[in-house]
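First to last, the sequence lines map onto chains F and Z. Per UniProt numbering, residue 1 is the first one in the first sequence, and the count goes up by one each step. Per UniProt numbering, residue 1 is the first one in the second sequence, and the count goes up by one each step. The beta carbon of each residue, even a glycine, is placed where N, CA and C say it ideally should be.
Protein chains: 2
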Amino acid sequence: MQYELYYWPGIPGRGEYVRLALEAAGADYVDVAREREDGVSAIGDLLEGEAAPFEAYPPFAPPILKAQERLVSHVANILRFLGPRLDLVPDDEASRDWVHGLQLTMTDFIAEIHDVHHPIGSSLYYEEQQDEARRRSHVFRQERLGKFLGYFEDVLARNPAGKRYLVGDALSYVDLSLFQTVSGLRYAMPRAMAAQAPSIPGIMALSERVSALPRIATYLRSARRQAFNEDGIFRHYLELDAD
Amino acid sequence: MQYELYYWPGIPGRGEYVRLALEAAGADYVDVAREREDGVSAIGDLLEGEAAPFEAYPPFAPPILKAQERLVSHVANILRFLGPRLDLVPDDEASRDWVHGLQLTMTDFIAEIHDVHHPIGSSLYYEEQQDEARRRSHVFRQERLGKFLGYFEDVLARNPAGKRYLVGDALSYVDLSLFQTVSGLRYAMPRAMAAQAPSIPGIMALSERVSALPRIATYLRSARRQAFNEDGIFRHYLELDAD
């Protein structure tokens, strides 16, 4: 079957967390807004409850995944749905809840990373909240960045199956998400991340391993992979990075 | 079996979303930090990976639910876990994914409500970010409050089973969460919520119905229910409410 991913074009954004799972598994999917002429309006139809047969189930925001008669939204919910279908999660329920919990911590991390450059409101331009962003960035780099990264480093170190993956002895979707977040942070805050690197050798190595997975390596070289830019979650503003 | 809820004492906070599900179902549970002498240090042990047999699975933050040999963290993950066990979610997987997606939208809403009074950082006092909070509150009340509330109103109106519950024809955990969020907002921003009320008759009525459920009504009158206060998510600061 063919999955359909609905996400805004022009940024990797939160859609990228879903794309990486689909790509890692070699799944058949359409990136609707980028591959179909009416793709963006198709997103609007879903959000407004005008897309049959999903009128009663309007998602709040993209990304949205359509899998035949199923519609799922929110990155973590989509990945929880895809995990067993793409063999990107262990078989037992306890492990699945653990992976999902890790993904929800990732969700919180991503929201905080976004709000560094948009502390007052998403509807305002960055330039309208630059002073507040500088202040938030300082707090984020001092307290939050290392706390989240250190948490995933600790999870990796404690994995009873070894430090090759966050959970168990095989790739799961949260490994892919960690790769994406680490990549985005290295783009957005290269100096702050260089300072963090010595403290997080395990997740830096894991990110490298993910990027070298054959399907992921092929994807990263393809036109399907979009570059980070200053409309997305991870934005490179010199004044928000470490000195 | 007896559930154990681990959450900081002194605030309803995110723990309250779990408590309401346990209370609505009449489940047997211990609110560990409030009922056991060493409860707060027990939370620390879990977070630090020092609580057997969960050393390899440190949660990032409370609330945390222990159910015999299972440990689950994040409100939405806990409610997803409890839903089928407490009969607070429909039976089919598609409905469960839909309820979980709604709960994840609630998670985002709650995070935005919190950040109204803490736009720069959770580690700073409100008084250290009061100017930024006023600005964020203005944007939140103009753009976000109505968007989220209107979304849930729309979901309720579209429910094919009728407007009595958000999903299907029976109470689910996201109804309880909506009640808690509406209650918190009415405490924090009574003037802004009074202005919203005429636009959201369905979810205002749903909140009333939830509060009148026999077990919930009993709970709300009990000492187990903690009042909202200015250490929690929902804080009543006059200067952050509408004029």
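Option in the options with minimal Cα separation from residue i
i: Met189(F); options: Tyr57(F), Ser95(F), His114(F), Gly13(F); result: His114(F)
i: Asp131(F); options: Leu240(F), Leu20(F), Lys66(F), Asp231(F); result: Leu240(F)
i: Asp87(F); options: Ala21(F), Leu5(F), Glu143(F); result: Ala21(F)
i: Val139(Z); options: Tyr7(F), Leu124(F), Thr105(F); result: Leu124(F)
i: Glu23(F); options: Asp231(F), Gln2(F), Ile43(F), Asp45(F); result: Gln2(F)
i: residue 244(F); options: Thr218(F), Arg209(F), Ser183(F); result: In the structure as shown, chain F begins at 1 and stops at 243. Residue 244(F) is therefore absent and cannot be evaluated.
i: Asp231(Z); options: Ile11(Z), Leu5(Z), Leu206(Z); result: Ile11(Z)
i: Asp31(Z); options: Leu102(Z), Leu171(Z), Ala223(Z); result: Ala223(Z)
i: Gly202(Z); options: Leu65(Z), Thr107(Z), Val155(Z); result: Val155(Z)
i: Met193(Z); options: Lys163(Z), Gly150(Z), Asn229(Z), Pro90(Z); result: Gly150(Z)
i: Arg85(F); options: Tyr173(F), Leu220(F), Leu185(F); result: Tyr173(F)
i: Trp98(F); options: Ala195(Z), Val116(Z), Leu71(Z); result: Leu71(Z)
i: Ala195(Z); options: Gln103(Z), Arg158(Z), Gln142(Z); result: Gln142(Z)
i: Arg158(F); options: Pro58(Z), Ala25(Z), Arg19(Z); result: Pro58(Z)
i: Ser95(F); options: Phe81(Z), Ser95(Z), Ala94(Z), Gly101(Z); result: Phe81(Z)
i: Arg14(F); options: Tyr126(F), Glu127(F), Arg135(F), Met106(F); result: Met106(F)
i: Ala242(Z); options: Val75(Z), Arg186(Z), Leu5(Z); result: Arg186(Z)
i: Pro90(F); options: Val167(F), Leu102(F), Lys147(F); result: Val167(F)
i: Gly26(F); options: Tyr219(F), Phe234(F), Arg235(F); result: Tyr219(F)
i: Ala76(F); options: Ile110(F), Phe54(F), Pro53(F); result: Ile110(F)
i: Thr181(F); options: Phe234(F), Glu4(F), His118(F); result: Phe234(F)
i: Leu65(Z); options: Leu79(Z), Ala52(Z), Arg191(Z), Pro53(Z); result: Leu79(Z)
Cβ neighbour criterion (16 or more within 10 Å) applied to residue i
i: Arg36(F); result: exposed
i: Ala212(Z); result: exposed
i: residue 306(F); result: This structure leaves residue 306(F) out entirely; chain F is present only between 1 and 243.
i: Leu238(F); result: exposed
i: Ser73(Z); result: buried
i: Asp169(Z); result: exposed
i: Gly69(F); result: Before going further, note that residue 69(F) is Glu rather than Gly in the sequence given. Looking at its Cβ environment, which holds fewer than 16 other Cβ atoms inside 10 Å, Glu69(F) is exposed.
i: Ser199(Z); result: exposed
i: Ala217(F); result: exposed
i: Asp175(F); result: buried
i: Glu48(F); result: exposed
i: Ser41(F); result: exposed
i: Glu50(F); result: exposed
i: Gly44(F); result: exposed
i: Pro63(Z); result: buried
i: Glu127(Z); result: exposed
i: Glu112(F); result: buried
i: Pro160(F); result: exposed
i: Arg19(Z); result: buried
i: Glu208(F); result: exposed
i: Gly162(Z); result: exposed
Residues that residue i contacts on chain Z, provided the C-beta gap is smaller than 7 Å
i: Leu104(F); result: His74, Ala76, Asn77
i: Phe81(F); result: Asp97
i: Ala94(F); result: Arg70
Amino acids of chain Z, ordered along the chain, whose beta-carbon sits closer than 9 Å to that of residue i
i: Tyr151(F); result: Pro58, Phe60
Residue i: contacting residues in chain F (beta-carbon distance under 9 Å)
i: Arg164(Z); result: None at all; the shortest Cβ gap to chain F is about 15 Å.
i: Pro90(Z); result: Those do not exist, as Pro90(Z) stays about 13 Å from chain F at its closest Cβ, beyond 9 Å.
Contact list for residue i against chain F, beta-carbon separation under 8 Å
i: Asn168(Z); result: For the sequence presented, residue 168(Z) should be read as Gly rather than Asn. In chain order: nothing, as chain F lies at least about 11 Å away.
i: Glu55(Z); result: Arg158
i: Ala111(Z); result: Asp108, Ala111
i: Gly26(Z); result: In chain order: nothing, as chain F lies at least about 24 Å away.
Proximity test, Cβ basis, 7 Å: residue i and chain B
i: Arg158(Z); result: Protein chains in the displayed structure are F and Z, and chain B is not among them.
Chain Z residues whose Cβ lies nearer than 8 Å to that of residue i
i: Asp154(F); result: Gly49, Pro58
i: Gly15(F); result: Neighbours of Gly15(F) on chain Z: none; closest Cβ ~16 Å, over 8 Å.
i: Gly10(F); result: In chain order: nothing, as chain Z lies at least about 22 Å away.
Any non-hydrogen atom of the ligand ATP closer than 6 Å to residue i Cβ
i: Asp108(Z); result: As for the ligand ATP, it is missing from this structure, which has no ligand bound.
(request) With a floor of 4 residues, list each alpha helix (DSSP H) that falls wholly inside the stretch 45-119 of chain F, ordered by position along the chain. (result) Counting only runs of 4 or more, we get 75-85, 93-117.
(message) By the 7 Å beta-carbon criterion, what residues does the stretch 171-189 of chain Z contribute toward chain F?
(response) Under the 7 Å Cβ criterion, the stretch 171-189 of chain Z contributes no residue.
(request) Output, in sequence order along the chain, the residues in the stretch 212-239 of chain Z whose CB is closer than 7 Å to any CB in chain F. (result) The stretch 212-239 of chain Z vs chain F, Cβ under 7 Å: nothing.
(message) Under 7 Å, CB to CB, which of the residues in the stretch 32-50 of chain Z have a partner in chain F?
(response) Answer in chain order: Gly49.
(request) Taking a Cβ distance cut-off of 9 Å, strictly less, list which residues of the stretch 114-126 of chain F are near chain Z, in chain order. (result) The residues in question are Asp115, Pro119, Ile120, Gly121, Ser122, Ser123, Leu124.
(message) Please list, in chain order, the residues of the stretch 132-148 of chain Z that have any C-beta partner in chain F closer than 7 Å.
(response) Of all residues in the stretch 132-148 of chain Z, only Glu132, Arg135, Arg136, Val139, Glu143 come within less than 7 Å of chain F when Cβ atoms are compared, listed by chain position.
(request) Please list the residues of the stretch 191-209 of chain Z that have a C-beta atom closer than 7 Å to any C-beta atom in chain F, keeping them in chain order. (result) Cβ proximity to chain F below 7 Å picks out nothing from the stretch 191-209 of chain Z.
(request) Ignoring anything shorter than 4 residues or poking outside the UniProt domain "GST C-terminal" (92-240) of chain F, list the alpha helix (DSSP H) runs there in chain order. (result) Taking only runs of at least 4 residues, the alpha helix (DSSP H) segments lying wholly in the UniProt domain "GST C-terminal" (92-240) of chain F are 93-117, 130-139, 145-158, 173-188, 190-196, 201-212, 214-221.
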